[in-house]
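Reading through the structure tokens given below for one structure.
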Amino acid sequence: MNDTTAKPRPLDGITVVSLEHAIAAPFCTRQLADLGARVIKVERPGSGDFARGYDERVDGLASHFVWTNRSKESLTLDVKQQDAVQVLDQLLAKADVLVQNLAPGAAARMGLSFEALHERFPRLIVCDISGYGEGGPYEQKKAYDLLIQSEGGFLSVTGGPGEEEMAKAGCSIADIAAGMYAYTGVLSALMLRDKTGKGSRVDVSMLESLVEWMGYPLYYAYKGATPPPRAGAAHATIYPYGPFPTGDGGTVMLGLQNEREWLLFCEKVLLQPELARDERFSANFKRSENRAALRAIIVEAFSRLSAEEVIARLDAAPIANAHVNDMAGVWEHPQLKARQRWSEVDSPSGRLPALLPPGRNTAFTPRMDPIPALGQHTDALLAELGYAAGDIQRLHEQGAV
Numbered sequence: 001m002n003d004t005t006a007k008p009r010p011l012d013g014i015t016v017v018s019l020e021h022a023i024a025a026p027f028c029t030r031q032l033a034d035l036g037a038r039v040i041k042v043e044r045p046g047s048g049d050f051a052r053g054y055d056e057r058v059d060g061l062a063s064h065f066v067w068t069n070r071s072k073e074s075l076t077l078d079v080k081q082q083d084a085v086q087v088l089d090q091l092l093a094k095a096d097v098l099v100q101n102l103a104p105g106a107a108a109r110m111g112l113s114f115e116a117l118h119e120r121f122p123r124l125i126v127c128d129i130s131g132y133g134e135g136g137p138y139e140q141k142k143a144y145d146l147l148i149q150s151e152g153g154f155l156s157v158t159g160g161p162g163e164e165e166m167a168k169a170g171c172s173i174a175d176i177a178a179g180m181y182a183y184t185g186v187l188s189a190l191m192l193r194d195k196t197g198k199g200s201r202v203d204v205s206m207l208e209s210l211v212e213w214m215g216y217p218l219y220y221a222y223k224g225a226t227p228p229p230r231a232g233a234a235h236a237t238i239y240p241y242g243p244f245p246t247g248d249g250g251t252v253m254l255g256l257q258n259e260r261e262w263l264l265f266c267e268k269v270l271l272q273p274e275l276a277r278d279e280r281f282s283a284n285f286k287r288s289e290n291r292a293a294l295r296a297i298i299v300e301a302f303s304r305l306s307a308e309e310v311i312a313r314l315d316a317a318p319i320a321n322a323h324v325n326d327m328a329g330v331w332e333h334p335q336l337k338a339r340q341r342w343s344e345v346d347s348p349s350g351r352l353p354a355l356l357p358p359g360r361n362t363a364f365t366p367r368m369d370p371i372p373a374l375g376q377h378t379d380a381l382l383a384e385l386g387y388a389a390g391d392i393q394r395l396h397e398q399g400a401v
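Numbered according to full-length UniProt numbering, the sequence shown terminates at residue 401, and the numbering increases by one at each position without gaps.
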């Protein structure tokens, strides 16, 4: 890969101020920082973003925080104090974007609504992230990732087939969805500002973000039709598509998409070409209806093979397949290593591995700067705004920063 470290990044020169916590807003702003934006993270003095305290799994740092907060500057402000509000005001006067995911209505009570800010800073883009969005009967409801997975119907189609076997996603999928739409919303607002010269508001709802991702099961259940059943790690409506045990105690994930692949699977993987003519399995909907019988046949055939032998047959067929990796397997994934997707960033606990952002661009390298300690950049930012050393000391003493 060509060395592009000296080349400009897309968001060089853009300043983002973020009143953020947890995942949705920090994930949005970290991605803006990846593209070169300067992100000033405003945190509570003493405690900071509460995600800092979720766990201590990364050399004493929280796993969520390490993931979503590299390349940022941490500024502590008690925004309930007038002197701190004046600092925030000075930052916003020079900023391009404000991102916030405070409790519903909190930003507006602080005078940080888009309407109030637009009069004073007409070029400022304001991105508000909340559980349910502005307006409507759910506007003031508290919203956490699992609750949105529930409200958005995700739990109803995820997990095992039994009544009590619904399961949440193993990662913060609703937060991630909202963070992604906030990220793209800010990018589009910056593009719009280039055309109009004016800032705009981006209103992102976690519920709407996740429901957008639920498009397939929603349309599958159109006009009251039966929704896709919960099928564990298997596909609800395509079969065979899911995990199968092998003779060495391993598990292989495989997926068939069409009748041509079904023939190849019977001939080259199961070594049972006659199975392709079995009327029970002659179309996908029949295989799905008779999945218990077909699963028994596949499991019996795989019981004489190791996981790697099954994968070798699937690759030769070729039939799509995958290892069922745990986290240790992902850390050591040969494809990520071969494509040199791991970098390192500094942190308060020393150097840490960090995955480069997806979507490699040949024209620039992403920003991969340190994960900040709480309040690490407070004094430098205040000095940049023109505060003298004595004034900075006074702000510390009164707890404003």
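A virtual CB, placed ideally from N, CA and C, is assigned to each residue, including glycine.
Legend entry - Which residues DSSP lists as bridging S129, in chain order: Stepping through the sequence shown from its first residue, residue 129 is reached at position 129. In the sequence on display, residue 129 carries Ile and not Ser. I129 pairs with V204.
Inset, instruction - Just list the alpha helix (DSSP H) runs in the segment 83-142, keeping only unbroken ones of 4 residues or longer that don't cross its boundaries, in chain order. - result: 106-109, 114-120
Legend entry - DSSP-derived helix/strand/coil call for P273: Here residue 273 refers to the residue found at position 273 of the sequence shown. The answer is helix: DSSP assigns P273 an H, G or I state.
Inset, instruction - Put K195 into one of helix, strand or coil per three-state DSSP. - result: The sequence position of residue 195 within the sequence shown is 195, counting from 1. If DSSP states are grouped into helix, strand and coil, K195 belongs with the helices.
Legend entry - Three-pair Cβ contact test at 8 Å for the segment 198-213 versus the segment 31-49: no
Inset, instruction - Work out the CA separation of L314 and K268 for me, nearest whole Å. - result: Indexing the sequence shown from 1 puts residue 268 at position 268. Indexing the sequence shown from 1 puts residue 314 at position 314. About 8 Å.
Legend entry - Sub-9 Å separation of V401 and A106 beta-carbons: Numbered from its first residue, the sequence shown carries residue 401 at position 401. Numbered from its first residue, the sequence shown carries residue 106 at position 106. Their beta carbons are not under 9 Å apart, which means V401 does not touch A106 by this criterion.
Legend entry - Assigned secondary structure, V310 (DSSP; H/G/I helix, E/B strand, else coil): Translated into the one-based positions of the sequence shown, residue 310 becomes position 310. The answer is helix: DSSP assigns V310 an H, G or I state.
Legend entry - Spatial distance of Q149 from A143 (CA atoms): Against the sequence shown, residue 149 aligns to sequence position 149. Against the sequence shown, residue 143 aligns to sequence position 143. Approximately 10 Å between the Cα atoms of the pair.
Inset, instruction - Check the DSSP bridge columns for P353 and list the partner residues they point to. - result: The residue given as residue 353 occupies position 353 in the sequence shown. The partner list for P353 (beta bridge, DSSP) reads E344.
Legend entry - Complete runs of the beta strand (DSSP E) confined to the segment 11-59 [at least 3 residues]: 15-19, 38-43
Legend entry - Three CB pairs or more closer than 8 Å across the segment 368-380 and the segment 338-349: yes
Legend entry - Check whether I23 and A62 have beta carbons under 9 Å apart: If you number the sequence shown from 1, residue 23 lands on position 23. If you number the sequence shown from 1, residue 62 lands on position 62. Going by C-beta atoms, I23 is not nearer than 9 Å to A62.
Inset, instruction - Count the CB pairs spanning the segment 203-222 and the segment 172-192 that are closer than 8 Å, and state whether there are at least three. - result: yes
Inset, instruction - Could you tell me the boundaries of the alpha helix (DSSP H) in which T68 lies? - result: Walking along the sequence shown from the start, residue 68 turns up at place 68. Start and end: 63-68.
Inset, instruction - Compute the minimum distance between the beta carbon of G60 and the heavy atoms of the ligand ATP, and state whether it is under 8 Å. - result: With respect to the ligand ATP, the structure offers nothing, as it holds no ligand at all.
Legend entry - Short Cβ contact (9 Å threshold) for S18 with V42: Within the sequence shown, numbered from 1, the residue matching residue 18 stands at position 18. Within the sequence shown, numbered from 1, the residue matching residue 42 stands at position 42. Yes; because the gap between Cβ atoms is below 9 Å, this pair is in contact.
Legend entry - Given 8 Å, three or more beta-carbon pairs between the segment 110-126 and the segment 30-41: no
Inset, instruction - Put Y387 into one of helix, strand or coil per three-state DSSP. - result: Taking the sequence shown and counting its residues from 1, one reaches residue 387 at position 387. In the structure shown, Y387 sits in coil (DSSP, three-state: anything other than H, G, I, E or B).
Inset, instruction - Using only alpha-carbon positions, find the residue among E300, F265, A338, E274 that is nearest to A320. - result: Stepping through the sequence shown from its first residue, residue 320 is reached at position 320. It is F265 whose Cα lies nearest to the Cα of A320.
Inset, instruction - For chain C, find out if any of its Cβ atoms is closer than 9 Å to the Cβ of P318; answer yes or no. - result: Absence of chain C from the displayed structure is noted, only one protein chain being present.
Legend entry - C-alpha gap between Y54 and S74, whole angstroms: Locating residue 54 in the sequence shown gives position 54, where the first residue counts as 1. Locating residue 74 in the sequence shown gives position 74, where the first residue counts as 1. So the alpha carbons of these two residues sit roughly 18 Å apart.
Legend entry - Range of the contiguous alpha helix (DSSP H) that encloses E165: As a first step, residue 165 is located in the sequence shown; it is residue number 165 there, counting from the start. First-last for E165: undefined, no H or E at that position.
Inset, instruction - Please determine, among G153, R394, T184, I14, the residue with the shortest C-alpha to C-alpha distance to A169. - result: The count along the sequence shown starts at 1 and reaches residue 169 at position 169. When each option's Cα is compared against that of A169, the closest is G153.
Inset, instruction - For the beta strand (DSSP E) holding V252, just list the boundary residues, first then last. - result: Counting from one through the sequence shown, the residue named residue 252 turns up at place 252. Unbroken beta strand (DSSP E) run through V252: 251-255.
Inset, instruction - Please report the residue range of the beta strand (DSSP E) in which E73 lies. - result: Here residue 73 refers to the residue found at position 73 of the sequence shown. 72-76 is the extent of the beta strand (DSSP E) around E73.
Legend entry - Limits of the alpha helix (DSSP H) - the one that Y220 falls within: For the purposes of this step, residue 220 is taken as the residue at position 220 of the sequence shown. Start and end: 215-220.
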